[in-house]
Amino acid sequence: ITQEDAWAVISAYFEEKGLVRQQLDSFDEFIQNTMQEIVDESADIEIRPESQHNPGRQAEFAETLHKISFGQIYLSKPMMTEADGETATLFPKSARLRNLTYSAPLYVDVSYRVVKKGHDCEEVTETAEYPKVFIGKVPIMLRSSYCTLFQQSEKDLTELGECPYDQGGYFVINGSEKVLIAQEKMSTNHVYVFKKRQPNKFAYVGEVRSMAENQNRPASSMFVRMLSRAGAKGGSSGQYIRATLPYIRADIPIIIVFRALGFVADKDILEHICYDFSDTQMMELLRPSLEEAFVIQNQQVALDYIGKRGATVGVTREKRIKYAKEILQKEMLPHVGVGEFCETKKAYYFGYIIHRLLMCALGRRAEDDRDHYGNKRLDLAGPLLGGLFRMLFRKLTRDVRSYVQKVSPLFQ
């Protein structure tokens, strides 16, 4: 196959897909799915007014709860409002010429419920539905499925003052054309091992930025570090391995993490890290870590050890253990699972991170390359707008709550 043949394939690809297909698909995905998901995952606004105390009279209801929830969202075609209040469809050409933003109005169904509990535990619910409430405007990417130019013929495009060869993929904001540049980031849910430049406290670092598939919260990072020979107090033999857990201030010895996950026996722990018991080199590297955690021999003590180093200070032992359990369950490696009974899966994945670290320390595997494009992911227009929309929608719910509290006579 010659280079000319390769160019024929490339030309055919661009003929069908165009140069900006990735931008348009990403934007369409944001409008069709991401926005609704963000609205659905936002919690209802719940407001409980303090019951008013009237001397000599019993309150009508024991407690009242106001609930505001957001439902289906709707996006209309790009519109503009003239000075006299007239609305008309907005085309990109007039947005450019009149320094307007090419955007479409966004509406959402709002339902308002008042739940009143009587003194005899009887509930009275009043509901009111407010369909299609205007909540803001969303900039529209040119030539996306929500653009007025979508699927227009070349003749129509020329009449609308657009170039038929313009591929779109950009926005018009205050009359100027703007493009969203994709942002590079390290791939999530992937184990990387790096060698630290000496002199350093640590010799090798294994890291994973864990992020659950369907969750839209920031990635939770976890590090497993091997101390360098110079940094370890025990002279040449003591290469301890420590793990950094989210929300825990100090580094935790890896064996204690395994015991907190419910794997107490040394053999069980080694099975998760060292897949071959005849591999004496790897076993020797783990010896200092096993000796370091010798004093902690059951799950409750291990959980307490982690809980003591958490954000909770001066609470009871039960609370510390509960806190440590929650951290291990919800914050440590959330992509493996955040429910009950994920401990075994998490222990295997945690063991795999340590295994990769040891393979690199023994020189059997090269360290990972931060700059390799295969280890990167690109955030296109969709995820970038999604992050912005999530932030603004949260602000909207906060503002609605404070406004209701301000204007409602129940809170005066």
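97 is the number of the first residue of the sequence shown in this note's numbering; add one for each residue after it.
For each residue, glycine too, the CB sits at the ideal point set by N, CA and C.
Legend entry - Close-in-space but distant-in-sequence residues of the same chain around Gly482 (CB under 6 angstroms, 5 per side omitted): Hits under 6 angstroms: Phe126 and Thr130.
Legend entry - Reference Leu95; option with closest CA among Gly403, His368, Ser324 and Ala389: The shown model of the chain, from 97 to 508, leaves out residue 95, and the question about it has no answer.
Legend entry - Alpha-carbon to alpha-carbon, Lys415 and Cys438: Roughly 21 angstroms separates the two Cα atoms.
Legend entry - Contact belief for Ala443 with Phe359 at Cβ below 8 angstroms, rounded distance in angstroms: 6 angstroms
Legend entry - Candidates Leu196, Arg473 and Ala457, of which the one nearest Tyr336 by Cα: Closest in C-alpha terms to Tyr336, from the list Leu196, Arg473 and Ala457, comes Ala457.
Legend entry - Sequence-distant residues of its chain with Cβ nearer than 6 angstroms to Ala389 (five each side left out): Pro349, Ile351 and Ile352
Legend entry - Residue from Ala477, Thr493, Lys491 and Asp467 whose Cα sits closest to the Cα of Met282: Asp467
Inset, instruction - Taking all protein chains shown into account, decide if Met487 is buried (16 or more other Cβ within 10 angstroms of its Cβ) or exposed. - result: exposed
Inset, instruction - With a floor of 4 residues, list each alpha helix (DSSP H) that falls wholly inside the segment 412-445, ordered by position along the chain. - result: 413-422
Legend entry - Assumed close pair Gln425, Val434 - CB separation to whole angstroms, cut-off 8 angstroms: 6 angstroms
Inset, instruction - Using the Cα positions of Thr493 and Ile141, report the straight-line distance between them to the nearest angstrom. - result: 7 angstroms
Inset, instruction - Pick helix, strand or coil for Ile351, following the three-state DSSP scheme. - result: In the structure shown, Ile351 sits in a helix (DSSP, three-state: H, G or I).
Inset, instruction - Spell out the partners DSSP gives Gly302 in its beta bridges. - result: Val289 and Val320
Inset, instruction - With a threshold of 16 other CB atoms inside 10 Å of the CB of Gln314, please say whether the residue is buried or exposed. - result: Reading the sequence as shown, one finds Pro at residue 314 and not Gln. With fewer than 16 Cβ atoms within 10 Å of its Cβ, Pro314 is classed as exposed.
Inset, instruction - Scan the segment 172-238 and note each continuous alpha helix (DSSP H) run of 4 residues or more that stays entirely inside, going in chain order. - result: 188-193
Inset, instruction - Could you please give me the residues that DSSP links to Ser165 through a beta bridge? - result: Ser207
Legend entry - Gly271 and Ala191 closer than 8 angstroms at C-beta: Contact flag set, yes.
Legend entry - Extent of the continuous alpha helix (DSSP H) to which Val268 belongs: Not the alpha helix (DSSP H): Val268 falls in the beta strand (DSSP E), residues Phe267 to Ile269.
Inset, instruction - Verify whether the separation of the beta carbon atoms of Ile423 and Asp400 is less than 8 angstroms. - result: no
Legend entry - Spatially closest choice to Phe489 from Val234, Ala179, Leu193 and Gln99, by CA coordinates: Val234
Inset, instruction - Take Leu238 and list the residues in its own chain whose beta-carbon comes closer than 8 angstroms to its own, dropping the five residues that flank it on each side. - result: Pro188, Tyr198, Leu245, Asp262, Gly264, Gly265, Tyr266, Phe267 and Val268
Inset, instruction - Tell me Leu474's beta-bridge partners as DSSP assigns them. - result: Glu280
Inset, instruction - Spatial neighbours of His162 within its chain, please: CB distance less than 6 angstroms, with the 5 preceding and 5 following residues excluded, ordered by chain position. - result: Ile143 and Val210
Legend entry - Per-residue burial, Leu357 [other beta carbons within 10 Å of its own, 16 or more giving buried]: buried
Inset, instruction - For Lys297, name the three-state secondary structure that DSSP assigns. - result: coil
Inset, instruction - Tell me whether Ile513 is buried or exposed, calling it buried when 16 or more other Cβ atoms sit within 10 Å of its Cβ. - result: No statement about residue 513 is possible, as the shown extent of the chain runs from 97 to 508 and does not include it.
Legend entry - Buried or exposed (CB count within 10 angstroms, at least 16 for buried), Leu193: exposed
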